[in-house]
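Engineer:
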Amino acid sequence: MIDAELFFANVTEPQRFRDAIRRFDEANSADPNTERADGRDWPRELLYARRLCAWVMRLCPTASEALRLAARSQHLCRWTIPRDSYERTRAGYLKWRTDLKAFHARRSGEILRNAGYPEPVVARMQALNLKKDFPADAESRVLEDALCLVFLEFQLADLAGRTAEDKVIQALQKSWKKMTPAAQAEVMKLPLGPREAGLLRQALNAKPEGESECARPFAKAT
Numbered sequence: 095m096i097d098a099e100l101f102f103a104n105v106t107e108p109q110r111f112r113d114a115i116r117r118f119d120e121a122n123s124a125d126p127n128t129e130r131a132d133g134r135d136w137p138r139e140l141l142y143a144r145r146l147c148a149w150v151m152r153l154c155p156t157a158s159e160a161l162r163l164a165a166r167s168q169h170l171c172r173w174t175i176p177r178d179s180y181e182r183t184r185a186g187y188l189k190w191r192t193d194l195k196a197f198h199a200r201r202s203g204e205i206l207r208n209a210g211y212p213e214p215v216v217a218r219m220q221a222l223n224l225k226k227d228f229p230a231d232a233e234s235r236v237l238e239d240a241l242c243l244v245f246l247e248f249q250l251a252d253l254a255g256r257t258a259e260d261k262v263i264q265a266l267q268k269s270w271k272k273m274t275p276a277a278q279a280e281v282m283k284l285p286l287g288p289r290e291a292g293l294l295r296q297a298l299n300a301k302p303e304g305e306s307e308c309a310r311p312f313a314k315a316t
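Position in the sequence shown counted from 1, then plus 94, gives you the numbering used here.
(1) Compare the Cα-Cα distances from residue 133 to each of 265, 95 and 200 and report the closest residue.
(2) Quick one: measure Cβ to Cβ for residue 294 and residue 286, integer angstroms, because I've assumed they're closer than 8 angstroms.
(3) Going by C-alpha distance, which of 280, 272, 268 and 279 is nearest residue 300?
(4) Flag this pair as touching only if the segment 121–132 and the segment 207–225 have three or more C-beta atom pairs under 8 angstroms; answer yes or no.
(5) Buried or exposed: where does residue 255 fall if 16 or more other Cβ atoms within 10 Å of its Cβ makes it buried?
(6) Checking 9 angstroms against the spacing of the C-beta atoms, do residue 281 and residue 241 come in under that value?
(7) Could you name the residues of the same chain whose beta carbon sits closer than 8 angstroms to that of residue 275, not counting the 5 residues immediately before and after it, in chain order?
(8) Figure out for me which residue from 199, 250 and 237 has the closest Cα to the Cα of residue 288.
(9) In terms of alpha-carbon separation, which member of 195, 261, 263 and 228 lies closest to residue 322?
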């Protein structure tokens, strides 16, 4: 899943970094929701964090320490603020997302400080968590690419099974627009199921006004 040797290499203080990762993982291990992978049941957010880190390192093997920390803590203890605790409206959804980002950044900052990290590193990690300078910040783009790839590789099938097709296509189009060309190329390598591949094909072949057909990656697919 993740190249541990690469992930833990080239950091300022290896023991401090390992301690912070351990603390993040311990927090996410309390997730009561589970997901099966690699022959075992995982706390869902622990598994998500590992998958996100794997994609970050695959996209950027020289990822900074702050970026690795941001990836490991991006959804820290997410289950404690459930979607159902907000109104089932667009405004409620946006409020939930805003509150989640602030919660993740605050909680991860507390853990980093307890692990002995200085404020500049804490602030940098939180800026990445909050996507403050996206898309201008190159590392924020790596993190966003990784988030989109985790969604497409591991979450799309579930979404497609419980959501109207037009909504899934819209979600795919939004994800695609946020991704860099390098990440888009990785999407084409994913072992998607027939249904998911078909939805992606529909999403990418939808012709926005003013776009030429040759600009669409699946324009000639059958």
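Just so you know, even glycine gets a beta-carbon here, dropped at the ideal spot from N, CA and C. Treat the numbers as computed from the prediction; the structure is a model and nothing was measured.
Structural biologist: This is what the structure gives:
(1) Check the Cα spacing between residue 133 and each of 265, 95 and 200: the tightest is with 95.
(2) 7 angstroms
(3) Here the closest residue by C-alpha is 268.
(4) Segments in contact, no.
(5) exposed
(6) no
(7) Nothing meets the Cβ criterion.
(8) The candidate whose alpha carbon is nearest that of residue 288 is 250.
(9) Residue 322 falls outside the range modelled here, since the chain spans only 95 to 316, and no answer is possible.
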